[in-house]
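Participant: Chains as they are written, first to last, in my numbering: chain D, 158 to 771; chain Y, -19 to 106. Structure below; questions to follow.
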């Protein structure tokens, strides 16, 4: 969690928040911790500075003593009734030790600290803002009034304290939001919204650029924020009325951007720079994996003219998104419409946040890639199912032709031998001749109709056996993982390229692997070993499964022989046919309880070329 | 005696048919009903030619042929199958011929004659 990294600030007192530790006493942000009766249990340095400078302690004082309002009891009641872990914002006035009254925005959150129900109050000083309001009021009626009001609204929403004071609850919300989705665009949007949303960092604009690893360029992807001053004004006015939390901001994604295009996408998508030193400051951030700050872009040599033209911002901060060892991209954030400097505190928090975002981004990218792979696998599987169907039909036809031809051979053959013993021109001889001729005619019909209905043309191409095996196994990766089956490959090197119909040989391998997985319900190992053997490559596919009983092993390649409740028993028959088509072969050895080995012979290219010629 | 032939055929009726035809031509015929049996018999029977069915129980004709040729690469083999598809594929393995089974046994007899006379010529050359 991000707070784990902020803990190196002081010793005591400390409170435990989530799995990190926040050192309150030296924290600049004004924070009060209350018990449920409203007594101050602990406070930050910032809170003492704001409320009671010079005094030793606020500890033990009832928070109600600080109220400057007559209706302060309502306030106590409100915070006592807060739902657990949901932040709530109040506007109120506190009396300070100097005797003055301080206008404040208070974000209250009820939580558990070290097992104690605790209310965390984060205070935002609104006095500057209030003074400005008075100033604006004084200038009312003057010509520049409209312009000044815009400025004032901008300042109202982003007093320096607010930007530098990070709310504890928001960090939790950010991490929850990032964990909530693995869709790449949504993660990108969450990252940018967190950077720009008022309850979080509250930058004016945020841009996200990603590294294209293949082409080694940094490319703009997404931008969040107003397009111009008018829009900034309008948005802030809406937001000041809405009092949104981060959740509400994030929930706007689908509503605001139904087409998935954010208003500033087109701005940043113009950015595309090669990743090499001295190119541009955004690229530098990728290369150095360091956050970089620009306070005067126009005169900063690190900022390229393209970058300046695209961002059109004089001060901004660049933080890299680093996951593991790699920078996946950068976030650029600026305060273009607020006209206020980015502080080191902003940079520091943004960097911490960026690490978190990078992990989410990395996960999302991995997921997207995975989904693409799964889609490809699905398509290949569809094709295989289709070709398996065709093969099954071919196999059945061949089997029918075979089954009919065998008795015809016997009938016709014996008729012929009878005919030889009969006197020529006898009635019996003529009848016998008819039998001979009719069987021959049937044989011819078989040859023309059935024998060649099976598609046996091979689409031969040179291929790498090791790759072919790898591809077949990856198609069945889910099944292999699920059944805890390990795959071992030992392919003799160098192995010449083979001239094969890769689809058909892949189907053979898939069939054998599937059978092997089924033979190992408790998991096991499938090993592929290949070596040259004369004019062939011998590929042995072995499993450590239950083995095939000796009384059925002679039948396993026969069409329609099966021991399974599903399927037609054509799998191995088709395997053998495909290997025969290549001029190859397959044989099997098995030992019950130990495993089965299929020994495939694949012809080396000169042999398969002969076969193809004939 | 014109020559000794080992007929490897699982179909009993066809065994009978081919045997009669071959014996009528003066050949001596030994029978093996499957591949294993053929491998077991070949050493003792020393055939001049093997007629080998492809569809055989236990060890098919192709595998049987591979084993036979491992020991005797010059052994003449005629593949005789009711399957038509692999016709061209196994010549490269070392078979002298691949025949699609037919009731017209004259084609088989002709092939036997051709292969044996070729073998004979080879022996004389040596």
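Beta carbons: idealized from backbone N, C-alpha and C, even for Gly.
1) Counting only beta-carbon atoms, is residue 771/D nearer than 9 Å to chain Y?
2) Tell me which residues share the same chain as residue 163/D and place their Cβ nearer than 6 Å to its Cβ, disregarding the 5 neighbours each side in the sequence.
3) Classify residue 35/Y as helix, strand or coil using the three-state DSSP reduction.
4) Under 8 Å: do the stretch 499 to 519 of chain D and the stretch 541 to 548 of chain D share three or more Cβ pairs, one atom per stretch?
5) Residue 236/D and residue 208/D - do their beta-carbons sit closer together than 9 Å?
6) By Cβ distance, which residues of its chain are closer than 8 Å to residue 562/D, with the 5 residues on each side in sequence left out?
7) For residue 5/Y, return the contacting residues in chain D, with the cut-off set at a CB-CB distance below 9 Å.
8) In the DSSP assignment, what residue or residues form a beta bridge with residue 380/D?
9) So with CB distances below 8 Å, who are the chain B contacts of residue 568/D?
10) Ordered along the chain, which non-local residues of its own chain (more than five positions away) have a Cβ less than 7 Å from that of residue 730/D?
11) In this structure, what does DSSP give as the bridge partners for residue 699/D?
12) Can you tell which of 660/D, 687/D and 669/D has its C-alpha closest to the C-alpha of residue 738/D?
13) Since residue 491/D and residue 518/D should fall inside the 8 Å C-beta cutoff, what is the C-beta to C-beta distance between them, to a whole number of angstroms?
14) Kindly say whether residue 757/D, judged by its beta-carbon, lies nearer than 9 Å to any beta-carbon of chain Y.
15) Just the Cα atoms here: how many angstroms apart are residue 15/Y and residue 541/D?
16) Per the contact definition of three or more C-beta pairs closer than 8 Å, is the stretch 46 to 62 of chain Y in contact with the stretch 79 to 92 of chain Y?
17) DSSP puts residue 730/D in a beta bridge; with which residues?
18) When DSSP labels each residue in this structure, what does residue 564/D get in the three-state scheme?
19) Would you kindly work out how many angstroms separate the C-alpha atoms of residue 475/D and residue 262/D, rounded to a whole number?
20) Mapping the DSSP letters down to three states, classify residue 499/D as helix, strand or coil.
21) Please determine, among 34/Y, 104/Y, 51/Y and 76/Y, the residue with the shortest C-alpha to C-alpha distance to residue -11/Y.
22) Taking DSSP as the reference, what is the three-state secondary structure of residue 369/D?
23) Please list, in chain order, the chain Y residues whose beta carbon lies closer than 8 Å to that of residue 600/D.
24) Whose Cβ in chain Y lies nearer than 9 Å to the Cβ of residue 587/D?
25) Excluding the five sequence neighbours on either side, which residues of its own chain have a C-beta within less than 7 Å of the C-beta of residue -14/Y, listed in chain order?
26) Using a beta-carbon distance below 9 Å, is residue -6/Y in contact with chain D?
27) Determine the DSSP secondary structure at residue 55/Y, reduced to helix, strand or coil.
28) Give the straight-line distance between the Cα atoms of residue 203/D and residue 637/D, rounded to the nearest whole angstrom.
29) Restricting to Cα atoms, I'd like to know which of 255/D, 368/D and 280/D is closest to residue 244/D.
30) With residue 593/D as the anchor, note down where its alpha helix (DSSP H) starts and where it stops.
31) Run down chain Y in chain order and give the residues with a C-beta less than 8 Å from the C-beta of residue 563/D.
32) Within 10 angstroms of the Cβ of residue 711/D, are there 16 or more other Cβ atoms? Answer buried if so, exposed if not.
33) Is it true that the CB of residue 640/D sits closer than 9 Å to the CB of residue 677/D?
34) Ordered along the chain, which non-local residues of its own chain (more than five positions away) have a Cβ less than 6 Å from that of residue 448/D?
35) If contact is defined by three or more beta carbon pairs under 8 Å, each pair taking one atom from either stretch, is the stretch 669 to 684 of chain D in contact with the stretch 553 to 572 of chain D?
36) Can you find a C-beta in chain D that's less than 9 Å from the C-beta of residue 102/Y?
Facilitator: This is what the structure holds:
1) For this step, residue 771/D is matched to residue 614 along the first chain. Confidence in residue 771/D is poor, its pLDDT being 41 and thus under 50, which makes the residue's placement unreliable; the coordinate value appears in the next sentence. With respect to chain Y, the C-beta atom of residue 771/D has a partner C-beta closer than 9 Å.
2) For the purposes of this step, residue 163/D is taken as residue 6 along the first chain, with counting starting at 1. Unreliable placement is indicated for residue 163/D, whose pLDDT of 35 sits below 50; no coordinate value is reported for it.
3) Indexing the second chain from 1 puts residue 35/Y at position 55. Here residue 35/Y sits in coil by DSSP.
4) No, they do not touch.
5) For the purposes of this step, residue 208/D is taken as residue 51 along the first chain, with counting starting at 1. For the purposes of this step, residue 236/D is taken as residue 79 along the first chain, with counting starting at 1. In this structure, residue 236/D does not lie closer than 9 Å to residue 208/D by Cβ.
6) Along the first chain, read from residue 1 onward, the residue named residue 562/D stands at position 405. Result list for residue 562/D: 600 and 603, in chain order.
7) Position 25 of the second chain, counting from 1, holds the residue named residue 5/Y. Those do not exist, as residue 5/Y stays about 12 Å from chain D at its closest Cβ, beyond 9 Å.
8) Sequence index remark: in the first chain, residue 380/D carries index 223 (1-based). DSSP, once it has assigned bridges, lists 364/D as partnering residue 380/D.
9) Of the protein chains in the structure, D and Y, none is chain B.
10) Here residue 730/D refers to the residue found at position 573 when the first chain is read from its first residue. So the qualifying residues of the chain are 552, 714, 715 and 716.
11) Position 542 of the first chain, counted from the start, is the residue given in the question as residue 699/D. Answer is 684/D and 754/D.
12) One-based indexing of the first chain puts residue 738/D at position 581. For the residues 660/D, 687/D and 669/D, the minimum Cα distance to residue 738/D belongs to 660/D.
13) For the purposes of this step, residue 491/D is identified with residue 334 of the first chain, where counting begins at 1. For the purposes of this step, residue 518/D is identified with residue 361 of the first chain, where counting begins at 1. At roughly 21 Å, the Cβ-Cβ gap does not stay under 8 Å, so residue 491/D and residue 518/D are not in contact.
14) Within the first chain, residue 757/D is the residue found at index 600, counting from 1. Output row for residue 757/D: interface = no.
15) On the second chain, residue 15/Y is found 35 positions in, with the first residue counted as 1. On the first chain, residue 541/D is found 384 positions in, with the first residue counted as 1. Here the alpha carbon of residue 15/Y sits roughly 33 Å from the alpha carbon of residue 541/D.
16) Yes, they touch.
17) Locating residue 730/D in the first chain gives position 573, where the first residue counts as 1. Paired residue(s): none; residue 730/D is not in a bridge.
18) Residue 564/D sits at position 407 when you count from the first residue of the first chain. DSSP places residue 564/D in the helix class (H, G or I) of the three-state scheme.
19) Indexing the first chain from 1 puts residue 475/D at position 318. Indexing the first chain from 1 puts residue 262/D at position 105. So the alpha carbons of these two residues sit roughly 30 Å apart.
20) Within the first chain, the letter at position 342 stands for residue 499/D. If DSSP states are grouped into helix, strand and coil, residue 499/D belongs with coil.
21) Here residue -11/Y refers to the residue found at position 9 of the second chain. For residue -11/Y, the nearest C-alpha among the options comes from 34/Y.
22) Counted from its first residue, the first chain places residue 369/D at position 212. Secondary structure at residue 369/D: strand, using DSSP grouped into helix, strand and coil.
23) On the first chain, position 443 is the one that residue 600/D refers to. Those within 8 Å of residue 600/D in chain Y are 82 and 83.
24) Mapped onto the first chain, residue 587/D falls at position 430. The contacting residues do not exist; residue 587/D stays about 18 Å from chain Y at best.
25) In the second chain, the residue the question calls residue -14/Y occupies position 6. Here residue -14/Y has 10, 12, 18, 21, 22, 25, 27 and 30 as same chain residues with Cβ atoms under 7 Å from its own Cβ, once five neighbours each way along the sequence are excluded.
26) In the second chain, the residue the question calls residue -6/Y occupies position 14. Closer than 9 Å: yes.
27) As a first step, residue 55/Y is located in the second chain; it is residue number 75 there, counting from the start. Residue state, collapsed to three classes: coil.
28) The residue labelled residue 203/D in the question sits at position 46 within the first chain. The residue labelled residue 637/D in the question sits at position 480 within the first chain. Cα to Cα, residue 203/D sits roughly 59 Å from residue 637/D.
29) Along the first chain, one-based indexing puts residue 244/D at 87. Of 255/D, 368/D and 280/D, the smallest CA-CA separation from residue 244/D is found for 280/D.
30) Position 436 of the first chain, counted from the first residue, corresponds to residue 593/D. Segment 584 to 603, the alpha helix (DSSP H) holding residue 593/D.
31) Mapped onto the first chain, residue 563/D falls at position 406. Those within 8 Å of residue 563/D in chain Y are -9, -6, 62 and 81.
32) For this step, residue 711/D is matched to residue 554 along the first chain. Buried, because 16 or more other Cβ atoms sit within 10 Å of the Cβ of residue 711/D.
33) As a working mapping, residue 677/D is identified with position 520 in the first chain. As a working mapping, residue 640/D is identified with position 483 in the first chain. Yes, the pair counts as a contact, with Cβ atoms nearer than the cut-off.
34) Within the first chain, numbered from 1, the residue matching residue 448/D stands at position 291. If you ignore the 5 residues before and after residue 448/D, its C-beta comes within less than 6 Å of the C-beta of 476, 504 and 508, all in its own chain and listed in chain order.
35) Result no; under three Cβ-Cβ pairs closer than 8 Å.
36) Residue mapping note: residue 102/Y aligns to position 122 of the second chain, counting from 1. Interface flag for residue 102/Y against chain D is unset, since no Cβ pair is found closer than 9 Å.
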